[in-house]
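Colleague:
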Amino acid sequence: WESAVQALAIGKKLGKKVILMSTSTGGTLSLKLAAEFPEIAGLILLSPNIEINDNKAWMLNDPWGLQLAQAIAGTYRVISDTTALYKRYWNSRYLMTAPVELEQLLETTMKTSVFEKITSPVLMLYYYKNEKEQDPVVKVSAMKRMYSALGTPDSLKRELALPNTGNHVLGSPIKSKDVASVEKACIEFGERVLRLSPVTRQ
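All residue numbers for the sequence shown refer to the working numbering, where the first residue is 2 and numbers rise by one.
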């Protein structure tokens, strides 16, 4: 959270307005920032992490949560479904303390009382094709509850399910199968809702 606040402060110094574009837990922090700093000009949320897509995740933030996680999974969690290109940009091995801290962050910040304070324009994109084929990492149902609770006027928010991305990570061709749809939705939101104009580099 402290690093997110610092990043926002840097963004304010770099430009006149700040638009936060985030993926997964970046979305968690973006939502909390928008609740605390209403001057944020807009949020583009790709698969925002409101709730982990595991019905046992709540145990992580309860007594003995870390010890249980380490007993089951070991000291480290290792992601095996990776390629060399993936490993260049992502961590594929991390301490089990990280999921515990993540669950604590979610339970203490991703609340209706936080969502209702947000009035910035919002675009939310997520992978959903059907009940079986949807984001396997975070809960789509939780995203939709968050979206409904936002204080943002309906005219300034957009929600779009992307059925062909096939992955939690929507905006990277390393994982996503339909980056073009993500780009199209972001551009349309920028032009129609945020009233941004394309800039041609000289």
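Even for Gly, the Cβ is constructed at its ideal location relative to N, Cα and C. Note that the coordinates shown come from a computational prediction; the quantities given were computed from them, not determined experimentally.
Do you know offhand how far S176's Cα is from M22's?
Modeller: Residue identity check: residue 176 is Lys in the sequence provided, not Ser. In a straight line, the C-alpha of K176 is about 18 Å away from that of M22.
Colleague: Smallest Cα separation from L195: which of I11, G12, A10, V19?
Modeller: Measuring from the Cα of L195, the nearest candidate turns out to be V19.
Colleague: Specify the secondary structure class of T24 as computed by DSSP and reduced to three states.
Modeller: T24: strand per DSSP, three-state reduction.
Colleague: Count the other CB atoms within 10 Å of the CB of N131; is the residue buried (16 or more) or exposed (fewer)?
Modeller: By the neighbour-count rule (16 or more Cβ atoms within 10 Å), N131 is not buried but exposed.
Colleague: In chain order, which continuous runs of the beta strand (DSSP E) of length 3 or greater are located wholly inside the stretch 130-179?
Modeller: Those beta strand (DSSP E) runs which fall completely within the stretch 130-179 and span 3+ residues are 158-163.
Colleague: Quick one: what does DSSP say G43 is sitting in, helix, strand or coil?
Modeller: G43: strand per DSSP, three-state reduction.
Colleague: Go through the stretch 38-91 residue by residue and report every complete run of the beta strand (DSSP E) that reaches 3 residues or more, in order.
Modeller: Counting only runs of 3 or more, we get 43-47, 77-79.
Colleague: Less than 8 Å between the C-beta atoms of E160 and M125, yes or no?
Modeller: Their beta carbons are under 8 Å apart, which means E160 touches M125 by this criterion.
Colleague: Looking at the unbroken alpha helix (DSSP H) that takes in V115, where does it start and where does it end?
Modeller: 113-116 is the span of the alpha helix (DSSP H), which, as asked, contains V115.
Colleague: Evaluate the contact criterion for the stretch 92-101 versus the stretch 64-84: three or more CB pairs, one atom per stretch, below 8 Å.
Modeller: Result yes; three or more Cβ-Cβ pairs closer than 8 Å.
Colleague: Taking the alpha carbon of S156 as the point to measure from, which residue in L61, F190, V6, K118 has its own alpha carbon closest?
Modeller: It is F190 whose Cα lies nearest to the Cα of S156.
Colleague: Based on the DSSP secondary-structure assignment, which residues constitute the bridge partners of V123?
Modeller: Partner(s): L44, K158.
Colleague: What span of residues does the alpha helix (DSSP H) with L15 cover, start to end?
Modeller: Here the alpha helix (DSSP H) through L15 covers 3-15.
Colleague: Taking C-beta to C-beta, are A10 and L30 nearer than 8 Å?
Modeller: Contact flag unset, no.
Colleague: Between which residues of its own chain and T76 is the CB-CB distance below 7 Å, once the five residues before and five after are set aside?
Modeller: The residues are L96, M97.
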